[in-house]
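Taken in order, the sequence shown gives residues -20 to -1, 1 to 313; the numbers are from mature numbering (1 follows the signal peptide of the UniProt record, and there is no 0).
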Amino acid sequence: MKRTLALALITTAIAAPALADVNIYSHRQPELIQPVLDAFTAKTGINVNTAYVEKGMVERLKAEGDRSPADLVMTVDIARLEEVVNAGVTQAVDDPTLTEAIPAPFRDADNHWFGLTSRARIVYASKDRVADGEVTTYEDLATEKWKGRICTRSFTSDYNVALTSAHLAHHGAEATKTWLEGLKANLAKKPEGNDRSQVKSIWAGECDISLGNTYYMGQMLADPEQTEWANSVRIIFPVFEDGGTHMNVSGVAMTKAAPNREDALKLMEFLVSDEAQQIYAQTNHEFPIKPGVARSELVQSWGEFTPDTLTLDTLAELRPEALKLIDEVDFDG
């Protein structure tokens, strides 16, 4: 009888092995990526553990070295992706599933990072106080007609630094400094808060327009406390005078240590699948990276636009100079 029980236990253990794990260090708030991670676990039986690391991710990975439990890094903004790569804490992933799914402009040439979603840096405009066609270009935001009408978060935030890098790439340092000075002169109040709080300021009548990322509209409409703010504005896609609408990405990279490399690679491949890209599109209202995956109905309702053609590498390279110019004009002061 004891022998029979032992055999039964062994058989059960073989039939139902312990679940594996993939560990992620994420700059992205957990609720934004959890739906797609849950879908991966349901599909593969592989658990995913996420540690939200708001600051000091590179320092943490360096300190942990080969002992790091992290398999993957997930973050927003090309500068943060380049930061982890340049720190030497990632590894190249040569995988045809990834390179075939992700267009070349949205992945590292050496396969250290891969874009997962994209977003546009747009203008939120008051439906009551801003006429159709009144906002056209990013350059126009520095003209006097917007005096006292603009709100923004800190210009040293990743999203605004990337936008400044794009202006720098299009127009050079002198013109970008002048643009920053004009934009600062048009602020209705000192930069503070996040993109959503700028929309609240428009709703409250404190300003007429603000800079923001597209997907925040979806998040606000899903939050009963913020729905009224969202409904007070419309989305406008400005362009650079010699380009298109500024774009940025969220992305993933495999750490150098990656103790669970095989399962981590499975997750990376899932993240660029039609299923995962559709989950991103429907739950976060971000633009899918993979060609052929439809945007959510809400995102489609915002209309078509022309993305800027600047490479993400260019934005990352110009980040230090952009930050220097933002500091020189004391934008947040």
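Virtual Cβ for every residue (Gly too), placed ideally from N, Cα, C.
Here the structure is a predicted model, which is why all the values come from computation and not from measurement.
Fewer than three pairs of CB atoms, one per stretch, sit closer than 8 Å, so the segment 78 to 95 makes no contact with the segment 109 to 124. Following the DSSP letters along the chain, one finds serine 145 inside the alpha helix (DSSP H) bounded by residues 138 to 151. Residue state for alanine 302 is assigned as helix, using DSSP reduced to three classes. When the Cα atoms are used, tyrosine 118 and lysine 170 turn out to be separated by approximately 19 Å. Taking a 10 Å sphere around the C-beta of lysine 180, we find 16 or more other C-beta atoms and assign the residue as buried.
Thr97 is the residue among Trp159, Thr97, Ala168 whose C-alpha sits nearest the C-alpha of leucine 12.
For alanine 233, the enclosing beta strand (DSSP E) stretches over residues 227 to 235. Burial state of alanine 31 is exposed, judged by a 10 Å Cβ sphere holding fewer than 16 other Cβ atoms. Taking 8 Å as the upper bound for CB-CB distance, arginine 214 and tyrosine 196 are not in contact here, some 13 Å apart. Straight across, the Cα-Cα distance linking serine 48 with glutamate 34 is about 17 Å. Beta-bridge analysis with DSSP links aspartate 108 to no other residue.
Residues His265 of the same chain have their beta carbon placed closer than 6 Å to that of valine 279, with the five preceding and five following residues left out of the count. DSSP, read as helix, strand or coil, puts arginine 101 in strand. A direct Cα-Cα distance of roughly 14 Å separates isoleucine 259 from glycine 272.
In the displayed model, aspartate 120 falls within a helix according to three-state DSSP. The beta strand (DSSP E) runs lying completely inside the segment 9 to 64 and spanning 3 residues or more are 27 to 32, 52 to 56, given in chain order. Boundaries of the alpha helix (DSSP H) around tyrosine 196: 196 to 201. In the three-state reduction of the DSSP assignment, tryptophan 209 falls in the helix class. Taking C-beta atoms as the reference points, tryptophan 183 and glutamate 205 fail to come closer than 8 Å. Here isoleucine 130 is near leucine 163, since their CB atoms are less than 8 Å apart. DSSP places asparagine 264 inside the alpha helix (DSSP H), whose first and last residues are 254 to 264. Here the segment 222 to 233 lies against the segment 89 to 104, with 3 or more beta-carbon pairs under 8 Å apart.
When only Cα atoms are considered, serine 106 and threonine 144 end up about 24 Å apart.
For proline 218, the secondary structure class from DSSP, reduced to helix, strand or coil, is coil. Secondary structure at tryptophan 282: coil, using DSSP grouped into helix, strand and coil.
Comparing alpha carbon positions, the residue from Leu167, Thr55, Gly192, Ala50 closest to proline 218 is Gly192. Counting C-beta pairs closer than 8 Å gives fewer than three between the segment 247 to 262 and the segment 146 to 158, which falls short of the contact rule.
Collapsing the DSSP output to three states places glycine 95 in a strand.
Within the same chain, Cβ atoms closer than 7 Å to the Cβ of arginine 60 are found at His7, Asp138, the five residues on either side in sequence being excluded. In the assembly as shown, glutamate 284 is an exposed residue. Its beta-carbon has fewer than 16 other beta-carbons within 10 Å.
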